[in-house]
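In the order they appear, the protein sequences are chains A and B.
Using this note's numbering, the first residue of the first sequence is number 1, and each one after it goes up by one.
Using this note's numbering, the first residue of the second sequence is number 46, and each one after it goes up by one.
Structure, as structure tokens:
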Amino acid sequence: METLLYLMPIALILGGLGLAAFVWALRSGQYEDMDGAAERVLVDD
Amino acid sequence: MTCCATSAGLAVDIESARNAGPSADEILFAAKKLGDGTFQTDLSVPSMHCAACMRTVENGLTALPGVISARVNLSTKRVTVKWKGDEAPAFISHLDSMGYPAHLTDEFVSGKDKTLSELLLAVGISGFATGNIMLLSVSVWSGAEGATRDLFHWISALIAIPVIVFAGRIYFRSAWNALRHGRMNMDVPIAIGVSLAYSTSLYETVTHGEHAYFDASVSLLFFLLIGRTLDHVMRDRARAAVSGLVRLSPRGAVRVGKDGSRDYIAIGEIEPGMELLISAGDRIPVNATVIDGVSELDCSLATGESATRHISPGADILAGTHNLSGPLIVRASAAAKDSFLAEMVGLMEAAEQGRGTYRRLADRASAMYSPVVHITALATFIGWMFATGDWHHAITVATAVLIITCPCALGLAVPIVQVVAARRLFENGIMMKDGGALERLAEIDAVVFDKTGTLTTGSPVLQSASVLGDGEMRMAVALARSSGHPFSRAIAKAHPHVPNTVRLEEVSEHPGLGIEGRAGGYTWRLGRASWALAPSEQTSTTTGTVLSKDGVMLASFDFFDDLRRDAAEAVAALRDEGIPIEILSGDRRSSVANVASLLSIQAFSAGVLPADKVSRLQHLKTSGARALMVGDGINDAPAMMAAHVSMAPASAADIGRSAADFIFLRDSLKAVPLSLKVARHAERLVKQNFTLAIAYNVIAVPIAVMGHVTPLIAAIAMSGSSLLVIGNAMRLTAGEGWLKRHASLPWTSRKVVDA
């Protein structure tokens with residue numbers, strides 16, 4: 001049972017990190033041009 | 046031969062005047078000032094579709110002097126250009142020369158889509174919470190007890206807080222808005238269900254209870270938010286596609302001062318008496334009188350007349366008509382707010398008031414459904430109170446009833462079907478303004494068509510040419526190719542394979558008259574008979590467009606307004622559905638009768654004024670018919686507003702497009718029966734979904750009322766019913782059989798731009 005004490009925080013922190021990454025991506029406008037982002041991979045600058 | 050029509054005061058280069066794109070003045074006028082002398086211009090470039098296009102457009106624009114940066118948004122098919130300088134760089138002609146026709150857009154994309162961001166954020170948070178709480182719930186369901194269960198419940202309660210705050214507020218807000226105005230919508234039972242589930246679960250947690258519904262309240266929001274986000278994205282796509290179309294009404298006009306000065310003023314600043322310069326290819330901004338110049342006027346979008354009008358000084362012209370061949374100086378006879386366009390807006394508003402508000406299916410369903418749900422839950426609570434006297438148990442059971450009946454399936458039943466239908470229509474180049482339009486379209490039992498520009502293409506096609514030798518034909522095509530006049534384009538288009546071997550010299554275009562060129566020592570003219578033929582050659586029978594050599598007629602050309610592609614099939618398909626069809630046109634009787642007989646439509650009226658179109662539609666309504674109006678002109682817009690539901694082609698006037706519920710971007714008129722088919726199929730699926738949701742409730746509610754529902758059963762029942770409804774909606778996509786035949790409407794992006 002004591003494994004729960006550190007496994008649960010780890011699970012929540014990892015999930016939270018994912019959520020934070022999502023919120024950051026959303027804030028920095030990365031969801032505004034989904035079609036363009038998919039195509040820009042092919043452009044080498 | 047002097048250049049007769051263009052007087053000295055009109056020293057406008059024909060070539061530049063013919064370019065229908067916006068002038069540098071208009072670009073500057075539409076640009077957004079960013080400070081420091083920097084401007085931002087947003088252009089719509091509909092033909093971009095891949096990485097190479099983006100690169101070409103961005104690099105091409107950045108290479109222009111004065112351009113600081115250019116950034117393409119491929120989803121909205123727009124490019125945002127930042128530039129410096131006194132005069133706008135030639136974006137549009139440069140893009141055009143690279144093969145990407147572009148035009149100015151109205152709104153700026155710089156403002157982010159706030160609603161979409163909020164929805165995405167809410168989906169993200171509720172997705173994260175649903176995953177984690179489900180993980181903990183599964184442990185509880187599989188037998189965690191005592192302190193462990195309490196700990197899991199507490200953690201679940203903590204994770205659920207941001208979901209209730211961020212995701213829940215979208216529903217709380219909408220539910221509150223509805224209640225405050227004394228209405229009922231689907232969000233009211235959702236808001237009550239979610240908040241009750243959360244608070245009783247919190248109480249359970251505090252009192253070390255066994256059953257907590259944190260997972261139910263969170264996953265409910267998660268599912269519903271996915272539906273809502275898809276719905277928003279769908280509508281946003283349609284809006285972006287529609288706003289990407291060419292703006293046809295002018296933003297302003299060039300004012301000619303008393304001292305001959307020129308400046309560009311906004312349309313709202315034009316006052317009666319001002320003198321305005323209208324280049325060839327421009328639309329007339331306000332009602333006016335011609336004071337100098339000769340040209341031809343295309344009235345098809347304004348009044349529905351298919352034949353061009355020859356105009357000379359003294360002629361009165363309507364706002365919204367299109368100046369075809371020569372520059373004009375006109376005196377404004379009315380301000381924009383009193384012009385033809387504004388009259389139509391007034392008629393539209395009147396028609397809209399008469400239309401009454403249409404209540405959407407989902408709202409009608411929820412108005413019936415919500416009271417039933419709430420009364421059942423309340424009755425359950427009272428029943429258990431009397432039976433056991435244990436108010437805690439009574440509340441728990443009543444909450445379970447609310448959660449089980451919570452309109453997850455009902456809340457998704459309509460929007461999911463509409464999202465799938467909109468997707469289907471989108472793939473076929475049809476834009477839907479909102480879901481209510483789809484419901485109204487499914488109900489129609491009459492169709493009213495406009496003629497010019499709707500049943501027909503609105504641009505002339507060469508019908509017949511009198512016998513023409515090879516040499517004469519080459520000459521005619523060579524002359525036609527040097528002009529942008531609709532008739533010239535029709536001649537050139539009818540003979541695409543004629544080689545460019547004729548050497549013409551001194552080619553000049555005479556506005557309102559025709560084109561002249563010299564070859565082999567002769568003067569060749571293509572144009573109006575009264576101008577091209579020597580006076581001695583003219584007879585009363587030779588009218589229209591002719592080709593002449595030194596004043597002697599060699600050939601004559603007849604034009605007609607061609608039927609829109611698939612018009613006959615579309616009309617036949619509607620007739621097969623048993624829907625009566627009618628034509629209401631502002632054009633001459635002979636040309637309307639011609640089109641009507643080609644399509645074998647018996648009911649038609651010609652020369653109909655805009656107000657009469659409205660009263661015809663209103664008459665249909667009072668006689669109990671629900672009419673679909675398909676039109677494109679400024680004169681159709683009020684009637685479209687008065688109709689039960691309306692459609693317009695992408696080439697329609699701005700005002701017509703904004704009045705329409707559906708806009709089809711491709712040439713084929715099959716878009717009309719196709720939309721009807723999709724709408725009717727969608728209506729069937731929505732009804733099936735409602736039946737499924739009701740059947741589910743009939744089974745689940747008694748179990749919940751008896752108090753046999755555990756959180757596990759609630760989670761399974763809710764997800765199960767939602768998936769069932771979504772799966773049923775997807776059948777609209779799976780029904781490939783009947784859509785495939787229509788799906789091959791050829792996409793001509795160029796047409797959207799040309800129009």
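Backbone N, C-alpha and C define an ideal beta-carbon position, used for all residues, glycine too.
Quantities reported herein were computed from a predicted structural model and do not represent experimental measurements.
Q.
Quick check on this structure: which residue in B:Ile323, B:Ser201 and B:Lys382 has the alpha carbon closest to the alpha carbon of B:Gly371?
A. B:Ile323
(Q) Can you pull the chain A neighbours of B:Phe173, defined as C-beta to C-beta under 9 Å? (A) Gly15, Gly16, Gly18, Leu19 and Phe22
Q | Other residues of its chain near B:Ala396: CB distance less than 7 Å, five sequence neighbours each side excluded | A | Around B:Ala396: Val659, Pro683, Met686 and Ala687.
Q. Along chain A, which residues have their Cβ under 9 Å away from the Cβ of B:Cys95?
A. Glu39 and Leu42
Q: Over the uninterrupted alpha helix (DSSP H) stretch that includes B:Tyr248, give me the two end residues.
A: Asp232 to Val251
Q.
Distance check for B:Asp281 and B:Asn230, CA to CA, integer angstroms please.
A. 22 Å
Q) Can you give the Cα-Cα distance for B:Ala236 and B:Val208, rounded to whole angstroms? A) 13 Å
(Q) So, with DSSP's three-state summary, where would you put B:Ile624? (A) coil
**Q.** B:Val339 vs B:Leu558 beta-carbon contact at 9 Å
**A.** yes
Q. By the 10 Å Cβ neighbour count, where 16 or more other Cβ atoms means buried, how is B:Gln647 classified, buried or exposed?
A. Exposed.
(Q) Between which residues of its own chain and B:Gly213 is the CB-CB distance below 8 Å, once the five residues before and five after are set aside? (A) Ala236, Val239, Ser240 and Leu266
Q. What's the call for B:Ala205, buried or exposed, on a 16-neighbour Cβ count within 10 Å?
A. Around the CB of B:Ala205, 16 or more other CB atoms lie within 10 Å, so the residue is classed as buried.
Q: Determine whether the Cβ of A:Glu2 lies closer than 9 Å to any Cβ atom of chain B.
A: It does not; no Cβ of chain B falls within 9 Å.
Q: Express the C-alpha separation of B:Ala283 and B:Ser767 in angstroms, rounding to a whole number.
A: 26 Å
Q) Between the C-alpha atoms of B:Ala774 and B:Pro625, what's the straight-line distance to the nearest angstrom? A) 30 Å
Q. DSSP state of B:Met674, grouped into three classes?
A. strand
**Q.** Inter-residue spacing [alpha-carbon to alpha-carbon] between B:Lys722 and B:Gly669
**A.** 22 Å
Q) Are the beta-carbon atoms belonging to B:Leu447 and B:Val418 less than 9 Å from one another? A) Cβ distance < 9 Å, so B:Leu447 and B:Val418 count as in contact.
Q. Given a limit of 7 Å on CB to CB distance, which residues of the segment 100-118 of chain B reach chain A?
A. Arg100, Val117 and Asn118
(Q) According to DSSP, B:Ser691 sits in a beta bridge with which residue or residues? (A) B:Met674
Q | chain A contacts made by the segment 371-398 of chain B, where a contact means CB separation under 9 Å | A | When C-beta distances to chain A are compared with 9 Å, every residue of the segment 371-398 of chain B stays at or above that value.
Q) Where do the N-terminal and C-terminal ends of the alpha helix (DSSP H) with B:Arg409 fall, by residue? A) Leu406 to Thr433
Q) Touching or not, the segment 708-726 of chain B and the segment 531-542 of chain B, by the rule of three or more beta carbon pairs under 8 Å? A) No, the segment 708-726 of chain B is not in contact with the segment 531-542 of chain B.
Q. Are the beta-carbon atoms belonging to B:Thr501 and B:Leu608 less than 9 Å from one another?
A. Result yes, Cβ atoms of B:Thr501 and B:Leu608 sit closer than 9 Å.
Q | Residues near B:Ala167 in its chain [Cβ-Cβ closer than 7 Å; skip 5 each side] | A | Phe211, Ala212, Ile215 and Leu270
**Q.** Which listed residue (B:Ile440, B:Gly359 and B:Gly772) has its alpha carbon closest to that of B:Val750
**A.** B:Ile440
Q: Evaluate B:Lys77 with the Cβ neighbour count: other Cβ atoms within 10 Å of its Cβ, from every protein chain shown; 16 or more gives buried, anything less gives exposed.
A: exposed
Q) Where does the unbroken beta strand (DSSP E) through B:Phe494 begin, and where does it stop? A) Ala491 to Phe494
(Q) For the alpha helix (DSSP H) containing B:Glu103, name the first residue and the last one. (A) Ala96 to Thr107
Q. Quick one: Cα of B:Asp515 to Cα of B:Pro544, how far?
A. The alpha-carbon atoms of B:Asp515 and B:Pro544 are separated by roughly 11 Å.
Q.
Is B:Phe153 close to chain A? Criterion is C-beta to C-beta, closer than 9 Å.
A. Note that B:Phe153 scores 47 on pLDDT, short of 50, meaning its location in the model is unreliable; the coordinates nonetheless yield the value given after this. Not one chain A Cβ lies under 9 Å of B:Phe153.
Q: Name, please, each residue of chain A whose Cβ falls closer than 8 Å to the Cβ of B:Gly176.
A: Gly15
Q | Proximity test, Cβ basis, 9 Å: A:Tyr31 and chain B | A | yes
Q. How many Å lie between B:Ser262 and B:Ala242 at the Cα?
A. B:Ser262 and B:Ala242: Cα-Cα distance of roughly 6 Å.
Q) With burial defined as no fewer than 16 other Cβ atoms inside 10 Å of the residue's Cβ, what is the status of B:Met413: buried or exposed? A) exposed
**Q.** C-alpha distance - B:Leu662 paired with B:Thr175, whole-angstrom precision
**A.** 51 Å
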